[in-house]
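Inspection log for the structure reproduced underneath, given as structure tokens.
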Amino acid sequence: MAHEKELTAARERLAEERRALPWVKVDKDYVFDGPSGKVTLGDLFKGRPQLVVQHVMFAPDWEAACKSCSFWADGLDRMVPHLAARDTATVAISLAPIAKLEDFKTRMGWTFDWVSSGSNDFNRDYGVTFSPDQIATGKPMYNFGTTKIYGPELPGISVFYRNEAGEIFHTYSCFARGLDMMNAAYQYLDLTPLGRHEEGLPYPMDWVRLRDQYEPQATKGACCHG
Numbered sequence: 001m002a003h004e005k006e007l008t009a010a011r012e013r014l015a016e017e018r019r020a021l022p023w024v025k026v027d028k029d030y031v032f033d034g035p036s037g038k039v040t041l042g043d044l045f046k047g048r049p050q051l052v053v054q055h056v057m058f059a060p061d062w063e064a065a066c067k068s069c070s071f072w073a074d075g076l077d078r079m080v081p082h083l084a085a086r087d088t089a090t091v092a093i094s095l096a097p098i099a100k101l102e103d104f105k106t107r108m109g110w111t112f113d114w115v116s117s118g119s120n121d122f123n124r125d126y127g128v129t130f131s132p133d134q135i136a137t138g139k140p141m142y143n144f145g146t147t148k149i150y151g152p153e154l155p156g157i158s159v160f161y162r163n164e165a166g167e168i169f170h171t172y173s174c175f176a177r178g179l180d181m182m183n184a185a186y187q188y189l190d191l192t193p194l195g196r197h198e199e200g201l202p203y204p205m206d207w208v209r210l211r212d213q214y215e216p217q218a219t220k221g222a223c224c225h226g
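Numbering (UniProt numbering), first residue to last: 1 to 226.
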């Protein structure tokens, strides 16, 4: 319990430090493709001062979104009304055409807003899409230049603030393991005796599937712990 209390206090201090980070004004006029036509970055706020963006990996030539990003999106979907109650809008943004996004959104049963950045530089500017030339360098460019690029599309979350004058600021982004805290399923698994039990897998999230692709699991008997 002492360690848990230390972690709680450290997490609260980190949240304060995160909020104190310098803001960067967004000077580009990003225009996205939405289900009803063109929308600006400002439109995505829906009149609220704060916007959380989940960068969902979905390249134009893919037929489905990344299964890991979808794992995160499943949790985000039910948070939308709670975040809205605290003046925070949410949106998913991907490179794929809006028709593909809408089809996949329907398949997954999601309700959050999802727009396409295929016609602008948003993904590249916020560090989640990389060119073949960038990948070929082998240099660490992802996650604020700390991690090598392992594909053209990578996950992330970005946060923006819009003031009363309509100015928009980028206030925070996180990538890679920084996204871990936004996955409620993982946080619950961390409470269990088996934890995430991903040891021995080819990679940690090898077990993850799209929510409609899991096979029914037979109930396993409990071990005897008396």
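Think of the CB as a built atom: it goes at the ideal place given N, C-alpha and C, for glycine as much as any other residue.
Keep in mind it's a predicted model, so treat the numbers as computed, not measured.
_Beta-carbon proximity of S158 to Y126, cut-off 7 Å_ = Looking up residue 158 in the sequence shown gives position 158. Looking up residue 126 in the sequence shown gives position 126. Against a cut-off of 7 Å, the Cβ pair of Y126 and S158 comes out as a contact.
*Residues that DSSP places opposite G37 in a beta bridge*: Looking up residue 37 in the sequence shown gives position 37. Answer is G34.
_Cα-Cα separation, G226 to Q217_ = Sequence index remark: in the sequence shown, residue 226 carries index 226 (1-based). Sequence index remark: in the sequence shown, residue 217 carries index 217 (1-based). For G226, the predicted structure reports a pLDDT of 46, less than 50, and the residue's modelled location is therefore unreliable. A value from the coordinates is still provided. Roughly 26 Å separates the two Cα atoms.
_Any contact between the segment 166–176 and the segment 130–149? By contact I mean 3 or more CB pairs, one from each, below 8 Å._
For the pair of segments examined, the segment 166–176 was found to touch the segment 130–149: the number of CB pairs separated by less than 8 Å reaches three.
_C-alpha distance - D33 paired with D103, whole-angstrom precision_ = Locating residue 33 in the sequence shown gives position 33, where the first residue counts as 1. Locating residue 103 in the sequence shown gives position 103, where the first residue counts as 1. Approximately 14 Å, taken between the alpha carbons.
_Suppose you measure from the CA of G138 to the CA of I149; what does that come to, to the nearest Å?_
Counting from one through the sequence shown, the residue named residue 138 turns up at place 138. Counting from one through the sequence shown, the residue named residue 149 turns up at place 149. Looking at the two C-alpha atoms, the distance is approximately 7 Å.
*Helix, strand or coil at A46 according to DSSP, with G and I counted as helix*: Here residue 46 is taken as the residue at index 46 of the sequence shown, counted from 1. The sequence as given places Lys at residue 46; Ala does not occur at that position. Note: K46 maps to coil in three-state DSSP.
*Beta carbon of D74, beta carbon of R211: below 7 Å?*
As a first step, residue 74 is located in the sequence shown; it is residue number 74 there, counting from the start. As a first step, residue 211 is located in the sequence shown; it is residue number 211 there, counting from the start. Yes, these two residues count as a Cβ contact at 7 Å.
*In whole angstroms, what separates the C-alpha of R19 from that of D133?*
Here residue 19 refers to the residue found at position 19 of the sequence shown. Here residue 133 refers to the residue found at position 133 of the sequence shown. R19 and D133 have their C-alpha atoms spaced approximately 35 Å apart.
*Does the distance from the C-beta atom of S94 to that of M205 stay below 7 Å?*
On the sequence shown, residue 94 is found 94 positions in, with the first residue counted as 1. On the sequence shown, residue 205 is found 205 positions in, with the first residue counted as 1. For S94 and M205, no; Cβs fall outside 7 Å.
*What number of angstroms, rounded off, separates the C-alpha of V31 from the C-alpha of E6?*
Within the sequence shown, numbered from 1, the residue matching residue 31 stands at position 31. Within the sequence shown, numbered from 1, the residue matching residue 6 stands at position 6. Answer to the nearest angstrom: the Cα atoms are 44 Å apart.
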